[in-house]
Amino acid sequence: MKKLKNINKYMLQNTELKFRKLSNSQVALHPNPKGVIQFIGSFIFGSFPVRAYKYLHQYLFAQGYSLILYRFPLNPIQFNHWEVSFSLLKEQYLLKTEIIKTLREENQTDDVINTYSNPANYLWLGHSLGCKYIILLEISSNEPTRRMQILRQCLDKKDADEAIKQIASIESVQEISKGVIDQLLPTTELANQFFIKNQSSILLAPEISNTVRILRSGWRIPNSLANPNQKQTECLIRSSKELFNLTGVISFKLDCIAEDDVAFMLEQIKQKYFQPLYQELEGSHFQPLSIYIEQLGQSIVHFFDELKSRSSNR
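Just so you know, we're using the working numbering here: the sequence shown kicks off at 39 and counts up by one.
Structure follows, in C-alpha cells:
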C-alpha cells in the first residue's frame, strides 16, 4: 500500500508532464531543469518509450529533469548497432537546435535557454540494449587518433572503415547544428561538444553482449549477426581505458538477461579514477517498466548527483 501511495503522489505531482514531438523524438521540457536526461530504452520497449516507461519518466520529471526520449524503429532484424547509435547522435544535434528554437519562440528566459545550450547539462540513461548504443557513443567520443586506433584494433577492416566514415558524417551534422545555434544565440559563447564526451551516463541492466543466459544455467542464446558482436564490443570497451569515468551501473537481482554484461561493465569501471558507481536493486531485467519505480528513481537521481560532482572535480 505504501508503494502505491507513493506512486499516486508522483502521478499527482506530474500533471504538467506533457511530451511534445520535436524532430523525431518526444520531449518534456521542465520549467526549471536541473538537467536534461536523454533516454534510450530496451529492444521493443524502446520503440514506444512514452508508454512503456511512463512511471519512471514521471518520477524523474518530478525531480526536476527535462526528458528527451529517443526511439528507434521496431525492426527485429536491425543488427547494425553502430547505425542505430549514430542515428541517435545525429538526432541529438538536430533536436538541440529545435529545442532552442522552441524556447526562443516561447520567450523563455536566458537562464533556461542557456541550460539547454550547454552540453554539460545533458545526461544519458539507457536500459538493456539502449545501454549498448550509449556505450558505442562513448567510444566514439574518444580523441580522434586514439579512437581510430581502437576501432582498427577491435573491428574487421570493413567495419572499422564504415564506422570511421559514419563518424565523419556526424561531425558535419554537428557543425551545421552549431552554426544554427550560433545564429539563435549570438551573444552566448557555446562550449564545443564532441559526441557525448564529459556527459554522465547511467546504464540500467546493460545488455551489450547480445547473449541471453537461460535461467542462470550455462546455456546461452547468442546473436552472431550483431555489429559489433560480443567479442568486438568487449574489446572496444576494454581498450577504451581513458573513457567511462562518468558512468554508473544499476542491476537487478532477478535479472538473467544482462547478468554477464553487468559483471563485465562493473569490472571495467572498477579500473577508473573514481570508485565504481554501482548498485544492485530488487527486481527483474524489466523493472524500469514497472509501476514500482521509487527505489530505482531515487538511485538514478543520486547517481546523477554523484556523477555531476565527479565531473566538476576531474
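Think of the CB as a built atom: it goes at the ideal place given N, C-alpha and C, for glycine as much as any other residue.
These numbers were taken from a predicted model, which means no experiment stands behind them.
Only counting the same chain, and skipping five residues up and downstream in sequence, which positions put a Cβ closer than 7 Å to that of Phe-312? Asn-283, Arg-348
Using CA atoms only, rank isn't needed, just tell me which of Lys-170, Cys-273, Thr-140 is closest to Arg-185. Cys-273
What number of angstroms, rounded off, separates the C-alpha of Tyr-382 from the C-alpha of Asn-265? What is shown of the chain runs 39 to 352, which leaves residue 382 out entirely.
Output yes if chain D places a C-beta closer than 7 Å to the C-beta of Leu-98; else output no. The structure shown contains no chain D; it is built from a single protein chain.
Given a cut-off of 7 Å, decide if Tyr-97 and Ile-331 are closer than it, judged by their beta-carbon atoms. yes
Distance, Cα to Cα, Leu-60 vs Trp-120? 23 Å
Counting C-beta neighbours from all protein chains within 10 Å, is the total for Gln-336 16 or more, i.e. buried, or is it exposed? exposed
Hey, quick one: how far does the beta strand (DSSP E) through Ala-66 stretch, first residue to last? 63–66
Look at Ser-322 and Phe-290 and say whether their C-beta atoms are less than 7 Å apart. yes
Burial state of Ile-82 (16 or more Cβ within 10 Å): exposed
Rounded to a whole number of angstroms, what is the C-alpha to C-alpha distance between Ser-278 and Thr-135? 30 Å
Counted within 10 angstroms of its Cβ, other Cβ atoms place Leu-112 as buried (16 or more) or exposed: exposed
What do you get for His-1, buried or exposed, if any count of 16 or more other CB atoms within 10 angstroms of its CB means buried? Residue coverage of the chain in this structure runs from 39 to 352, which leaves residue 1 outside it and unanswerable.
Residue ranges of each beta strand (DSSP E) within the segment 126–185, 3 or longer: 160–165
Take the Cβ of Ile-214 as the centre, count every other Cβ of all protein chains shown within 10 Å, and call the residue buried at 16 or more, exposed below. exposed
Helix, strand or coil: how does DSSP classify Glu-121 here? helix
From the DSSP secondary-structure annotation, give me the bridge partner or partners of Arg-58. Val-65
Just reading off the alpha helix (DSSP H) that Glu-344 is part of, what are its end residues? 332–350
Does the beta-carbon of Ser-207 have 16 or more other beta-carbons within 10 angstroms, so that it is buried, or is it exposed? exposed
Checking the sheet assignment: what are the DSSP bridge partners for Asn-70? Answer by DSSP bridge pairing: none, since Asn-70 is not bridged.
Under the DSSP definition of a beta bridge, which residues are partnered with Ile-240? Leu-163, Gly-286
Just reading off the beta strand (DSSP E) that Leu-315 is part of, what are its end residues? 315–319
Going along the chain, which residues of its own chain have a beta-carbon closer than 7 Å to the beta-carbon of Phe-354, five neighbours each way excluded? Outside the shown range of the chain (39 to 352) lies residue 354, about which nothing can therefore be said.
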